[in-house]
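In what follows, a structure is listed as structure tokens, so that the remarks can point back to it.
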Amino acid sequence: MNRQDTLTRTVLNRLSNIAKSTPFTVRKFTDLGSSSSVHRILSRLCNEGKIIRVMRGFYVLPSEIDSLPNVKFSASVESLARAWALDRGYKLVATGIEEAYRLRLQTQAPVKSIYWTNGPSRTISIENATAIIRHVSDSKLRWSDEPLGNLFRAMLVLDPKYVKRHHFKRALDICLKSEEQKITGLNKLSKVRELKHWQHLIQQLNEA
875 MNRQDTLTRT VLNRLSNIAK STPFTVRKFT DLGSSSSVHR ILSRLCNEGK
925 IIRVMRGFYV LPSEIDSLPN VKFSASVESL ARAWALDRGY KLVATGIEEA
975 YRLRLQTQAP VKSIYWTNGP SRTISIENAT AIIRHVSDSK LRWSDEPLGN
1025 LFRAMLVLDP KYVKRHHFKR ALDICLKSEE QKITGLNKLS KVRELKHWQH
1075 LIQQLNEA
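Per this note's numbering, the sequence shown runs over residues 875 to 1082.
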């Protein structure tokens, strides 16, 4: 067995540990051999239908459904957007409108998949789905990896005059489970300059 065959077998072995429809890049394998060698192997695997190239530099193991054996599914546009951000070292969050809908602070679902990032603005498309990624200031990405950040971004885009106290409390309950977390979270939100118009509602929950 030559070196290329050995490298191919090693790449296939590592691929077996990657979940189907989960995007990955060539960097997943660069510790195994040269970048050019890995690229050639991935290109060959694409031609053989074992993996799918979903975007420049990004691949997935296709998944199938028993009832549709001839149809292969790749990645969701959200997972691809998140993989892109992770690979580049950017933050990526759902927009305030999306978070407001998820937290039941508004009933209208967003029509488009839009995300905020500290990276460059771009559009990612896969099959019939598109994700619009918009560069925003770091102030909108506060607590990007915490549940409190979801509520914060929803509050950024809503007018508190139209948010009822019990709806705000419900959103807080969705994000933060323990009473200690809620007290700490409300204290953090009360100190954010962009949320000064929310102080009345925050104070009401603090005093409840």
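By construction, the Cβ of each residue, glycine as well, lies at the ideal position given by its N, Cα and C atoms.
Please state the DSSP three-state secondary structure of residue i.
| i | result |
| --- | --- |
| L977 | coil |
| A1005 | strand |
| V912 | helix |
| Y964 | coil |
| S1064 | helix |
| S895 | coil |
| R1016 | coil |
| I1057 | helix |
| E952 | helix |
| F1026 | helix |
| F932 | strand |
| T969 | coil |
State yes or no: is the C-beta of residue i within less than 8 Å of the C-beta of residue j?
| i | j | result |
| --- | --- | --- |
| V967 | A949 | no |
| I988 | I998 | no |
| T896 | S953 | yes |
| F1042 | L1063 | no |
| A959 | G993 | yes |
| E972 | P984 | yes |
| E1068 | L1030 | yes |
| K965 | T1004 | no |
| F898 | Y933 | yes |
| L935 | L906 | no |
How big is the Cα-Cα spacing for residue i and residue j?
| i | j | result |
| --- | --- | --- |
| W1017 | N887 | 37 Å |
| E1053 | D1047 | 9 Å |
| K1056 | L1050 | 6 Å |
| V951 | E1081 | 42 Å |
| K1038 | T1058 | 21 Å |
| G931 | T969 | 26 Å |
| T1022 | S910 | Looking at the sequence provided, one finds Leu at residue 1022 rather than Thr. Roughly 43 Å separates the two Cα atoms. |
| H1040 | A974 | 15 Å |
| R901 | Q878 | 18 Å |
| L1060 | W1072 | 11 Å |
| A955 | A893 | 17 Å |
| S1011 | G923 | 41 Å |
| Q1077 | E938 | 51 Å |
| D961 | S908 | 19 Å |
| K1070 | E1020 | 21 Å |
| N891 | Y1036 | 48 Å |
| K1065 | P1034 | 16 Å |
| L1079 | S917 | 56 Å |
| H1009 | G963 | 14 Å |
Which same chain residues, not among the five before or five after residue i, have their C-beta less than 8 Å away from its C-beta?
| i | result |
| --- | --- |
| A1045 | L977, R978, L979, L1025, A1028 |
| H913 | V900 |
Output needed for residue i: all residues of its chain with C-beta closer than 6 Å, excluding positions within five of it in sequence on either side, in chain order.
| i | result |
| --- | --- |
| Q982 | none |
| R996 | I1007 |
Note down, in chain order, each residue of its chain lying with its Cβ closer than 7 Å to the Cβ of residue i, except the 5 sequence neighbours on either side.
| i | result |
| --- | --- |
| K986 | I1006 |
| L919 | I925 |
| I915 | L881, T882, V885 |
How would you call residue i, buried or exposed, if buried means at least 16 neighbouring beta carbons within 10 angstroms?
| i | result |
| --- | --- |
| K1014 | buried |
Got a sec: does the ligand PLP put a non-hydrogen atom nearer than 7 Å to the Cβ of residue i?
| i | result |
| --- | --- |
| T981 | With respect to small molecules bound, the structure shown includes none, and the ligand PLP cannot be examined in it. |
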